[in-house]
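Notes to accompany the following structure.
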Amino acid sequence: MDDNQVLIHGVPEAELVFIARPTPLAAFYNDRIRPMLNAIDRLRNLMVMKEGIQLPTIVVVGDQSSGKSSVLESLAGINLPRGQGICTRVPLIMRLQDSPYASHPEIYLEFNGKVVHTDEDNISVAINDATDKIAGHGKGISNTPLTLVVKKDGVPDLTTVDLPGITRVPVHGQPENIYEKISEMIMEYIRPEETIILNVLSATVDFSTCESIRMSQMVDKTGRRTLGVVTKADIAPKGLLEKVTADDVNIGLGYVCVRNRIGDETHEEARLEEAKLFDTHPLLCKIPKSIVGVPVLAQKLTQIQAIMMAECLPEIVKKIKDKLNANVAELKKLPENLSSFKEAKMAFEKILRLAKESLRKILLRGEFDEYPEENMHCTPRLVEMLNQYSDELQNCAENDPRTSFLSEELKVLEEAKGIWLPNFLPRTAFLTLFQQKMTGISSMTLSFVAHVWEYVEAVVIQVLMRHSENYPQLQWSMRRAASSLINKMKKKALDRMMEIVEMEKLTTYTCNPEYTLEWNNLMSQRNRFMDVINNVSNPSKIVLSGIGEVDVGNLRHHRKQQIQEAFDLKMRITTYWKIVLRRFIDSMALHLQFSVQNLLNKEMEEIKGELIGPGGSGVIEKMLEEVPSVAAKRDKLNRSIKLLWESEEVVAKIMDRIATDGDFSG
Numbered sequence: 001m002d003d004n005q006v007l008i009h010g011v012p013e014a015e016l017v018f019i020a021r022p023t024p025l026a027a028f029y030n031d032r033i034r035p036m037l038n039a040i041d042r043l044r045n046l047m048v049m050k051e052g053i054q055l056p057t058i059v060v061v062g063d064q065s066s067g068k069s070s071v072l073e074s075l076a077g078i079n080l081p082r083g084q085g086i087c088t089r090v091p092l093i094m095r096l097q098d099s100p101y102a103s104h105p106e107i108y109l110e111f112n113g114k115v116v117h118t119d120e121d122n123i124s125v126a127i128n129d130a131t132d133k134i135a136g137h138g139k140g141i142s143n144t145p146l147t148l149v150v151k152k153d154g155v156p157d158l159t160t161v162d163l164p165g166i167t168r169v170p171v172h173g174q175p176e177n178i179y180e181k182i183s184e185m186i187m188e189y190i191r192p193e194e195t196i197i198l199n200v201l202s203a204t205v206d207f208s209t210c211e212s213i214r215m216s217q218m219v220d221k222t223g224r225r226t227l228g229v230v231t232k233a234d235i236a237p238k239g240l241l242e243k244v245t246a247d248d249v250n251i252g253l254g255y256v257c258v259r260n261r262i263g264d265e266t267h268e269e270a271r272l273e274e275a276k277l278f279d280t281h282p283l284l285c286k287i288p289k290s291i292v293g294v295p296v297l298a299q300k301l302t303q304i305q306a307i308m309m310a311e312c313l314p315e316i317v318k319k320i321k322d323k324l325n326a327n328v329a330e331l332k333k334l335p336e337n338l339s340s341f342k343e344a345k346m347a348f349e350k351i352l353r354l355a356k357e358s359l360r361k362i363l364l365r366g367e368f369d370e371y372p373e374e375n376m377h378c379t380p381r382l383v384e385m386l387n388q389y390s391d392e393l394q395n396c397a398e399n400d401p402r403t404s405f406l407s408e409e410l411k412v413l414e415e416a417k418g419i420w421l422p423n424f425l426p427r428t429a430f431l432t433l434f435q436q437k438m439t440g441i442s443s444m445t446l447s448f449v450a451h452v453w454e455y456v457e458a459v460v461i462q463v464l465m466r467h468s469e470n471y472p473q474l475q476w477s478m479r480r481a482a483s484s485l486i487n488k489m490k491k492k493a494l495d496r497m498m499e500i501v502e503m504e505k506l507t508t509y510t511c512n513p514e515y516t517l518e519w520n521n522l523m524s525q526r527n528r529f530m531d532v533i534n535n536v537s538n539p540s541k542i543v544l545s546g547i548g549e550v551d552v553g554n555l556r557h558h559r560k561q562q563i564q565e566a567f568d569l570k571m572r573i574t575t576y577w578k579i580v581l582r583r584f585i586d587s588m589a590l591h592l593q594f595s596v597q598n599l600l601n602k603e604m605e606e607i608k609g610e611l612i613g614p615g616g617s618g619v620i621e622k623m624l625e626e627v628p629s630v631a632a633k634r635d636k637l638n639r640s641i642k643l644l645w646e647s648e649e650v651v652a653k654i655m656d657r658i659a660t661d662g663d664f665s666g
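Start counting the sequence shown at 1; every next residue gets the next number (full-length UniProt numbering).
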């Protein structure tokens, strides 16, 4: 590739038709790309970029007094505002349209929803007036765009955006942060990958020191989408050839050198003078004709624009469709605009019905597709709570290391003595020890029930809040009713568990055959146990199956009959306690499952009764009053959907034409 060949979005410049001498600016393919350009301009007018959909745009940037506006003047053949300081104070979207059959130019401005017609003689005044209305009088800037439409014979079909020139030092009437404001505006426009950066550079300066070059390199490091336009070539011709061919600052789309209109020259005179300059000047004539002159710039920009639009249009169509579908889906999620008590009641009943179904899935069936959070995986969480409770009860049943083996049994037997036959264990002794154990687990049971129902309450409320999120005016009342209901369920569960505790205390009974079997196994160790006690020369510790290691040293001063009775009582209590604990935990699990099912199948109707029944809190009436935030969101989505529908129609027409006529990029 020679020094002057560049790539335009990956397409070699040699494949494009560039002209070396001035010809009519309306090239032969303009009427083919005009429909695409009209479509893009229509999308721009619809403000589709506010929806996050970037459009292919040629953005003109440059340091202050680099000649930006003069370049645009030359392209459009009109006179733009000139003067000291910042001439462009708002983004100026300039839409040029070749109108070879028009009897006279049509020129108008679009801003703030208004259209202001003007003519070539008054265009500068009209732009200044419009700028003042947008940005205020003075020298401040605004990011609100001003659109200039020029329909005229001989202009290229082109749309560009001219931004304020970069200035570091504020002058009188400008804000102190003028540089930051302009920089922020420029970066916003040139950052999207769909933007072509038209960087206007003065031949009088070192390109590497230009602030506009620094900014474009921040977003386009390789220069793939940057085109350089060199102005004032007549003032600083020396070394210009080397500047535009060496490209030390990564201008990937190459350079075009131009001579802007000077003084009172007409645009036609300026073009003739430009052609003469690059033909006859001893230094400038050496610059290749394919990169000099406003006509070449117009041709190049038009072709770049055509390629860029052809590349971006399919993705724009996809983004519009995706955004439209997403917004429609989001709008459907919003609550219906309820207009009657009947509609509000039906909406409330639907919320309750859907919430109950979600709760059945996570609390009873163990389905977690709706709620991936682990704390909402209710069936395993409830099992974990039951297992923990079971472990705590088992640990509570273990021998207290602070008490000696059989000491409690001996003490109770001593107090349970009566006038009856020997070798009979008094039932009161068994009941006393057993009731002490049951009393010991009562507080643990109360804590467990409270913990379980607090968890269920949190789950129920989270599900209700999710299903009623579109009706925030409903949520406080629903949360209060749900908490009240769960508290009632918790009280019922506590009463039931304490009832079971009291039943166990009152009657010691089991038909489980394991009781006798386990007791016999434990009692089979009594002779060995007594041998250790009777033989004082033996170690005082012994390991008993089902009990563990025990120290019998403190038992040797008791009577043999007392020890045997205490051992028997201990083994009976140990065996029966294991059965009672299993029975107690099983009852707890069954009652919990039954209560949760009852809650979902029956008790939750109480929420409905409390909120919409006689004496209700006016919840249904509140649902008829749409929350301001929801109303604002609905309005925003409706406006967005309307915009996107219109945008979809615009792109659909151009895509149909492309399908019929072929690729417009040539």
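Even for Gly, the Cβ is constructed at its ideal location relative to N, Cα and C.
Same chain only: Cβ atoms within 7 Å of residue i, ignoring 5 sequence neighbours per side
{"i": "Val501", "result": "Met438, Ser442, Thr445"}
{"i": "Val205", "result": "none"}
{"i": "Phe28", "result": "Summary for Phe28: the model assigns pLDDT 41, below 50, so the residue's position carries little reliability; its value from the coordinates is reported in the next sentence. Excluding positions up to five away in sequence, the list is empty."}
{"i": "Val366", "result": "A small fix is needed here, since residue 366 is Gly in this sequence, not Val. For Gly366, where only same-chain residues beyond five positions count, the Cβ hits under 7 Å are Thr379."}
{"i": "Ile486", "result": "Trp453, Val456, Glu457, Val460"}
{"i": "Ile533", "result": "Val552, Leu555, Arg556, Ile563"}
{"i": "Thr226", "result": "Ile197, Asn199, Ser216, Asp220, Ile251, Gly252, Leu253"}
{"i": "Lys345", "result": "Ile612, Ile620"}
Rounded C-alpha distance that separates residue i from residue j
{"i": "Lys602", "j": "Met489", "result": "12 Å"}
{"i": "Ile641", "j": "Leu324", "result": "6 Å"}
{"i": "Leu413", "j": "Ile362", "result": "52 Å"}
{"i": "Ile573", "j": "Glu469", "result": "55 Å"}
{"i": "Asp162", "j": "Val48", "result": "19 Å"}
{"i": "Pro422", "j": "Phe594", "result": "48 Å"}
{"i": "Thr516", "j": "Tyr576", "result": "9 Å"}
{"i": "Leu25", "j": "Asn122", "result": "Legend: pLDDT at Leu25 = 39, less than 50; position of this residue unreliable, value from coordinates given subsequently. Rounded to the nearest angstrom, the two C-alpha atoms are 24 Å apart."}
{"i": "Leu158", "j": "Pro282", "result": "33 Å"}
{"i": "Leu464", "j": "Ile612", "result": "16 Å"}
{"i": "Met309", "j": "Gln64", "result": "29 Å"}
{"i": "Gly77", "j": "Gln305", "result": "19 Å"}
{"i": "Val256", "j": "Leu240", "result": "11 Å"}
{"i": "Asp98", "j": "Met185", "result": "30 Å"}
{"i": "Asn512", "j": "Lys560", "result": "31 Å"}
{"i": "Ser202", "j": "Ala632", "result": "49 Å"}
Status (buried if at least 16 other CB within 10 Å, exposed otherwise) for residue i
{"i": "residue 753", "result": "The structure shown does not extend to residue 753, since the chain is modelled only from 1 through 666, so no value can be given for it."}
{"i": "Ile262", "result": "exposed"}
{"i": "Trp420", "result": "exposed"}
{"i": "Glu649", "result": "exposed"}
{"i": "Glu91", "result": "In the sequence under discussion, the amino acid at residue 91 is Pro, which differs from the Glu named in the question. Burial call: buried."}
{"i": "Pro164", "result": "buried"}
{"i": "Leu643", "result": "buried"}
{"i": "Lys417", "result": "exposed"}
{"i": "Tyr101", "result": "exposed"}
Nonlocal neighbours in the same chain, by C-beta distance under 8 Å from residue i, ignoring five residues either side
{"i": "Leu544", "result": "Leu522, Gln525, Phe529, Val550"}
{"i": "Asn638", "result": "Leu331"}
{"i": "Lys608", "result": "Phe348, Glu349, Leu352"}
{"i": "Leu433", "result": "Glu408, Glu409, Val412, Leu569, Ile573"}
{"i": "Met498", "result": "Ser442, Thr445, Leu446"}
{"i": "Lys333", "result": "Asn470"}
{"i": "Ile190", "result": "Val59, Val61, Ile197, Met215, Ser216, Val219, Asp220"}
Closer than 7 Å to chain C by CB, residue i
{"i": "Ser340", "result": "In the displayed structure, chain C is absent; only one protein chain is listed."}
Own chain partners of residue i with C-beta closer than 6 Å, once the 5 adjacent residues on each side are dropped
{"i": "Gly223", "result": "Asn250, Ile251, Gly252"}
{"i": "Thr510", "result": "Ile579"}
{"i": "Glu273", "result": "none"}
{"i": "Glu610", "result": "Ala481"}
{"i": "Pro192", "result": "Gln54"}
{"i": "Val71", "result": "Val200, Val229"}
DSSP bridge partner residues for residue i (one or two, in chain order)
{"i": "Asn199", "result": "Val61, Gly228"}
{"i": "Glu549", "result": "Val543"}
{"i": "Tyr101", "result": "Paired residue(s): none; Tyr101 is not in a bridge."}
Check your understanding: Of all the alpha helix (DSSP H) runs that stay within the bounds of the region 312–391, which reach a length of 4 or more residues?
Key -> 341–359
Practice item. Would you mind listing the beta strand (DSSP E) stretches within the region 563–588 that are 3+ residues and don't spill past its ends, in chain order? Key: none
Review point. Enumerated in chain order, which unbroken segments of the alpha helix (DSSP H) with a length of 4 residues or greater are wholly contained in the region 438–525?
Key: 472–506, 514–523
Practice item. Please specify which runs of the alpha helix (DSSP H), each continuous and at least 4 residues long, are wholly inside the region 208–288, giving them in chain order. Key: 211–219, 240–246, 267–280
Practice item. Jot down the residue ranges of each uninterrupted beta strand (DSSP E) in the region 132–193, minimum 3 residues, whole runs only, in chain order. Key: 146–152, 158–162
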